[in-house]
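Undergrad: Residue numbers (our numbering): 183 to 1007.
Idealized CB from N, CA, C, for every residue including glycine.
Quick caveat: nothing in here was measured; it's all calculated off a predicted structure.
To start, I am sharing the structure in question, which I have written as structure tokens.
Here it is as structure tokens:
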């Protein structure tokens, strides 16, 4: 990256009002090639800044600044907004229809391929009574209607986080409404981010405020919410392992219908080969084959619906009476415990339902509702009804229901489409796993791994090499170890139902606190949906020793990794918070006689939001030289999906002004693309210049409006912020004093501002140096054995084998300095 000063583009200059001042003044200018015209234009820009800020009629007496870059986190009261439909909510119908078509290929691959194995998994020991088929069909019909259709499509989708869904989206909504985060890095300014706001009904309802108070004041509740989020995340990642196994194995198993000599071992090895190929092509991203997904799944739905209709008419149309729930009670009465156990097979009919919510960020609520109601739901009901009609006449082939029920002329086309649909279903869950890992990493709950953005058009399409490799190994091991879909189905069911139950739990909290839903509706939801999910959960847990232990063991391993990383991450944050450096200490360090200032701009990186990290003092004590401009950059993830680029940076000057020391918080959402379109340092530099202009004109315009001279301006600054010095040099102050309180001339103000900007430009031309703390973390003396194992061994093992901050932000190694320091936690 060149160290030359980049051309400043005034075309989208935004006045960032860090002092909580209502609307922003935006100016638009065209960059001219001629230098004289450019200079005139820059002066015009200053005038626009001045007029825009003057028009606001600002009053220092009305402004009260939250200086949260230096003070501890504080509670924030104000208007909250709940983004119900995301950024695409107002899309016209042509866009909604286009997105609905695309969603068919991305969202419904998993639930769409369930007809491959549901009946064979449910009737694992064969059909004992012909009417049992009606009971199972009735269970499938009401389960699909209640869970995917009513719960997810019409209720859960409304709980999106500015258009994004998933377990972390629900957790982030709760974190924004109640202070339940365990890391104390909340800032008053965060609520000014447009996506952060929550729009709430009246706060007068005692139920919501009481629950909020309990969550905020009970440490157990905070830990439990984080634990539940980690568990749900781990279970969804477990889906990413099991979905490829069961989908591909089921689809390839159909080849036995054409070649009876094909052994189960051969089918397993063919499935393993397909799985390896599937994971090998992940690095190319789903964008290159994305447009082929929807047509293939559409063909798949058309075929299973058409074949279902054919079987329904040909074999037994009377199965339509399964809509009567009486057959469910008869089924349980005849089979008792065995019927309850068989629920573990029926629940496979709704696998992939969580994808409806997790993938809403790529589409819109309305487009997913449309595609589910018009395509997926009717096709699935028709497919299961047709298979039930076929089984009523062929009880003996239940172990291979899907392929046996296909008319012979359609067998090979159906086989090819089934394998393609199984691969697409696997692809959707693998991509979802990558997105979940990215969210977990952003919120400090997962070790740093490489996030590769594979599409320039779709920000959400990511690839994680390390996770992809581990998923491939796990999938191959599961396929070779279990070999049949029955055992994998037992494991799959536990992962699916656990995630659904956790989603319902979070949703009840949101209904009470944020939506203020009527208590009768909440009770109705819990009684109907909650009881159904708990019934399925009890059934799948019964098969714990028959493969059900796999997702729990996998989730346990993932949660151990996430817990260790998050726990030490928080301990490090508290250590830095306890040892942070005060602005007075910064002034003392920079004014030391043996410390020289070098030309250039230095960026100190840390995760500490409230202050300057202790590693700076360690650096200054060992290297007696500082750059002419210092920026302390804190990387922070907000509990929202995206932060608009123009609201990314929050700056604060460390007084006195002639030190040129700044603090900066770079704020990201958990799905934001980091440092892909534009180098991080260039973005920060341009926004720093905008901040300096806005800050300068804000102070000087208020001074001239009051007509009270510069000294009053200094006094106001001392009262509002934490500064101890004035805004201008002593020489300038004397000049202002000679004017007897008169307004400073426009030329003088331009000259003062240009001098500050020139100083910043000179530092940029001299070069940018990035300084990162290479912290060695050890357990403090006297720590227990558990704490020593977690910090000294587990955390340090993860840290040494995974990526560091410089790789996450693509910092050039030629301009990177690492400062070593030991933290005793």
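1) For a test of the three-state rule: what should DSSP assign to residue 360, helix, strand or coil?
2) What's the call for residue 498, buried or exposed, on a 16-neighbour Cβ count within 10 Å?
3) If residue 692 sits next to residue 352, beta carbons under 8 Å apart, how far is it from one beta carbon to the other, in whole angstroms?
4) Given a cut-off of 8 Å, decide if residue 681 and residue 414 are closer than it, judged by their beta-carbon atoms.
5) Count the CB pairs spanning the region 720 to 727 and the region 522 to 533 that are closer than 8 Å, and state whether there are at least three.
6) What are the boundary residues of the beta strand (DSSP E) that residue 773 is part of?
7) Using the beta-carbon count (16 or more within 10 Å), is residue 717 buried or exposed?
8) On a Cα-Cα basis, can you pick out the residue from 944, 334, 542 and 343 that is closest to residue 284?
9) Give me the residue from 350, 404 and 344 with the minimum Cα distance to residue 361.
10) The beta strand (DSSP E) with residue 761 in it runs from where to where?
11) Contact between the region 430 to 440 and the region 749 to 769: three or more CB pairs below 8 Å?
12) With residue 957 as the anchor, note down where its beta strand (DSSP E) starts and where it stops.
13) Do you know how far the Cα of residue 981 is from the Cα of residue 995?
14) Out of 814, 1007, 961 and 462, which has the shortest C-alpha to C-alpha gap to residue 955?
15) As an exercise, report each continuous alpha helix (DSSP H) stretch of at least 4 residues that is fully enclosed by the region 775 to 820, in chain order.
16) What does a CB cutoff of less than 7 Å around residue 308 pick up in its chain, not counting 5 residues either side in sequence?
17) Taking only three categories from DSSP, how would you classify residue 345?
18) Using a Cβ-Cβ cut-off of 8 Å (strictly less than) and excluding sequence neighbours within five positions of residue 565, which residues of its own chain qualify?
19) Applying the 10 Å Cβ sphere with the 16-neighbour rule, what's the burial state of residue 979?
20) Pick helix, strand or coil for residue 1003, following the three-state DSSP scheme.
21) Should residue 673 and residue 732 be called a contact, given that it needs their Cβ atoms to be closer than 8 Å?
22) For a quick check, are the C-beta atoms of residue 741 and residue 462 less than 8 Å apart?
23) Locate the beta strand (DSSP E) running through residue 339, then write down its first and last residues.
24) Which value, in whole angstroms, describes the spacing of the CA atoms of residue 939 and residue 878?
25) My assumption, with CB atoms under 8 Å, is that residue 318 sits in contact with residue 456. Please give the rounded CB distance.
26) Measuring straight from C-alpha to C-alpha, what distance separates residue 943 and residue 696?
27) Round the Cβ separation of residue 797 and residue 1001 to the nearest angstrom and send it over; I've been treating them as touching at under 8 Å.
28) Taking contact to mean at least 3 C-beta pairs separated by less than 8 Å, is the region 823 to 831 in contact with the region 782 to 792?
29) Which same chain residues end up closer than 7 Å to residue 608 when comparing Cβ atoms and leaving out the 5 residues on each side of it in sequence?
30) Can you look up residue 419 in the DSSP assignment and give me helix, strand or coil?
31) According to DSSP, which residues form a beta bridge with residue 848?
32) How many whole angstroms separate the CB atoms of residue 421 and residue 677, which I take to be in contact at a CB cut-off of 8 Å?
33) Count the other CB atoms within 10 Å of the CB of residue 395; is the residue buried (16 or more) or exposed (fewer)?
34) For my contact list, residue 631 and residue 623 are in at a C-beta cut-off of 8 Å; report their separation, rounded to the angstrom.
35) Rounded to whole angstroms, what is the Cα-Cα separation between residue 846 and residue 805?
36) Between residue 417 and the rest of its own chain, which residues show a CB-CB distance below 7 Å, the 5 nearest in sequence each way excluded?
TA: Quick answer:
1) Translated into the one-based positions of the chain shown, residue 360 becomes position 178. Coil at residue 360, not helix or strand.
2) As a working mapping, residue 498 is identified with position 316 in the chain shown. Residue 498 is buried by the Cβ-count criterion.
3) Taking the first residue of the chain shown as 1, we reach residue 692 at position 510. Taking the first residue of the chain shown as 1, we reach residue 352 at position 170. Right, their Cβ atoms sit about 7 Å apart.
4) Along the chain shown, one-based indexing puts residue 414 at 232. Along the chain shown, one-based indexing puts residue 681 at 499. Yes, they are a contact pair.
5) yes
6) Counting from 1 along the chain shown, the entry for residue 773 is found at position 591. Per DSSP, residue 773 belongs to no beta strand (DSSP E) and is neither H nor E.
7) As a first step, residue 717 is located in the chain shown; it is residue number 535 there, counting from the start. When all chains shown are included, residue 717 counts as exposed.
8) Here residue 284 refers to the residue found at position 102 of the chain shown. Checking every option, the nearest Cα to that of residue 284 belongs to 542.
9) Working through the chain shown from its first residue, we reach residue 361 at position 179. Considering only alpha carbons, the answer is 404.
10) As a position in the chain shown, residue 761 is number 579, starting the count at 1. Neither: residue 761 is in no beta strand (DSSP E) and is coded neither H nor E.
11) no
12) Translated into positions along the chain shown, residue 957 becomes position 775. Segment 950 to 960, the beta strand (DSSP E) holding residue 957.
13) Taking the chain shown and counting its residues from 1, one reaches residue 995 at position 813. Taking the chain shown and counting its residues from 1, one reaches residue 981 at position 799. Whole-angstrom Cα-Cα distance: 19 Å.
14) The count along the chain shown starts at 1 and reaches residue 955 at position 773. The candidate whose alpha carbon is nearest that of residue 955 is 814.
15) 797 to 804
16) Mapped onto the chain shown, residue 308 falls at position 126. Answer for residue 308: 580, listed in chain order.
17) Here residue 345 refers to the residue found at position 163 of the chain shown. DSSP places residue 345 in coil when its eight states are reduced to three.
18) The residue given as residue 565 occupies position 383 in the chain shown. Taken in chain order, the residues that qualify are 297, 486, 487, 489 and 490.
19) Here the question's residue 979 lines up with position 797 in the chain shown. With fewer than 16 other Cβ atoms within 10 Å, it is exposed.
20) Along the chain shown, one-based indexing puts residue 1003 at 821. Correct three-state label for residue 1003: strand.
21) The residue you call residue 673 lines up with position 491 of the chain shown. The residue you call residue 732 lines up with position 550 of the chain shown. For residue 673 and residue 732, yes; Cβs fall inside 8 Å.
22) Along the chain shown, one-based indexing puts residue 741 at 559. Along the chain shown, one-based indexing puts residue 462 at 280. Going by C-beta atoms, residue 741 is not nearer than 8 Å to residue 462.
23) In the chain shown, counting from the first residue as 1, residue 339 sits at position 157. First-last for residue 339: undefined, no H or E at that position.
24) Walking along the chain shown from the start, residue 939 turns up at place 757. Walking along the chain shown from the start, residue 878 turns up at place 696. Spanning the two alpha carbons is a distance of roughly 11 Å.
25) Locating residue 318 in the chain shown gives position 136, where the first residue counts as 1. Locating residue 456 in the chain shown gives position 274, where the first residue counts as 1. Contact flag wrong, Cβ pair sits at about 30 Å.
26) In the chain shown, the residue the question calls residue 943 occupies position 761. In the chain shown, the residue the question calls residue 696 occupies position 514. Roughly 47 Å separates the two Cα atoms.
27) Locating residue 797 in the chain shown gives position 615, counting from the first residue. Locating residue 1001 in the chain shown gives position 819, counting from the first residue. About 6 Å; that satisfies the 8 Å criterion.
28) no
29) Indexing the chain shown from 1 puts residue 608 at position 426. Contacts found: 425, 426, 429, 430 and 460.
30) As a first step, residue 419 must be located in the chain shown, where it is residue number 237. Helix at residue 419.
31) What you label residue 848 is simply residue 666 of the chain shown in a count that begins at 1. Answer is 817 and 831, bridged to residue 848.
32) Your numbering for residue 421 matches position 239 in the chain shown. Your numbering for residue 677 matches position 495 in the chain shown. Contact flag correct, Cβ pair sits at about 5 Å.
33) Along the chain shown, read from residue 1 onward, the residue named residue 395 stands at position 213. So residue 395 counts as exposed.
34) The sequence position of residue 631 within the chain shown is 449, counting from 1. The sequence position of residue 623 within the chain shown is 441, counting from 1. With 8 Å as the limit, residue 631 and residue 623 qualify as a contact, their Cβ atoms being about 7 Å apart.
35) For the purposes of this step, residue 846 is identified with residue 664 of the chain shown, where counting begins at 1. For the purposes of this step, residue 805 is identified with residue 623 of the chain shown, where counting begins at 1. Cα to Cα, the separation comes out at about 23 Å.
36) Here residue 417 refers to the residue found at position 235 when the chain shown is read from its first residue. Hits under 7 Å: 677, 680, 681, 733 and 737.
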